[in-house]
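Enquirer: In this note's numbering, the protein residues as written are 2 to 132.
Listed below in C-alpha cells is the structure:
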C-alpha cells in the first residue's frame, strides 16, 4: 500500500510545483498501476480537473471501459462530492485516502426544480427499453 501512496504523493508534488493544490491519485488493478494524475484545475482553467477525475479518465481509456469495479484508488486527500460521484459512477472497488478533508463547501448554488414531464419520460422510456 505504501508504494501506491508514494506514487500518489509524487503526483501531488508535481501538481504543487505547477501551482496546483497538491493532490495526487493512483488507480491500481491486480497490483499494477494503470493510471496516475494530479490536480490541473488552475493550469487548465477547468473546474473538473481534479486528480481523481483525471485518473479515472485515464484508467477508463486504458481499460476501454467506464467500469472500474476491479480497481482501487489511492488518493492523498479525501475526495470532494464531485469526485466521490465520479468514483461511485466508475464503480471503483475501494478508495484509500491519505488525509481527511477539513474543507466545507465554500460555494452553494441555488437549486430550482422545474418539473417537466418530458424530462422524466425520456429517462423512463430509455431505461424501460434496456430491460
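Yeah, the Cβ is synthetic: ideal placement off N, Cα and C, and Gly gets one too.
1. Taking the beta strand (DSSP E) that residue 38 belongs to, which residues open and close that run?
2. With a CB to CB cut of under 7 Å and the five nearest residues on each side skipped, what residues in its chain are close to residue 101?
3. Taking the alpha carbon of residue 38 as the reference point, which residue from 32, 112, 18 and 55 has its own alpha carbon closest?
4. Which term fits residue 120, buried or exposed, when burial requires 16 or more other beta carbons within 10 angstroms of its beta carbon?
5. Evaluate the contact criterion for the segment 65-72 versus the segment 107-115: three or more CB pairs, one atom per stretch, below 8 Å.
6. Step through the CB atoms of chain B and report whether any lies within less than 9 Å of the CB of residue 36.
7. Taking all protein chains shown into account, decide if residue 112 is buried (16 or more other Cβ within 10 angstroms of its Cβ) or exposed.
Expert: On the basis of the supplied data:
1. 33-39
2. 79
3. 55
4. exposed
5. no
6. No chain B appears in this structure, which consists of one protein chain only.
7. exposed
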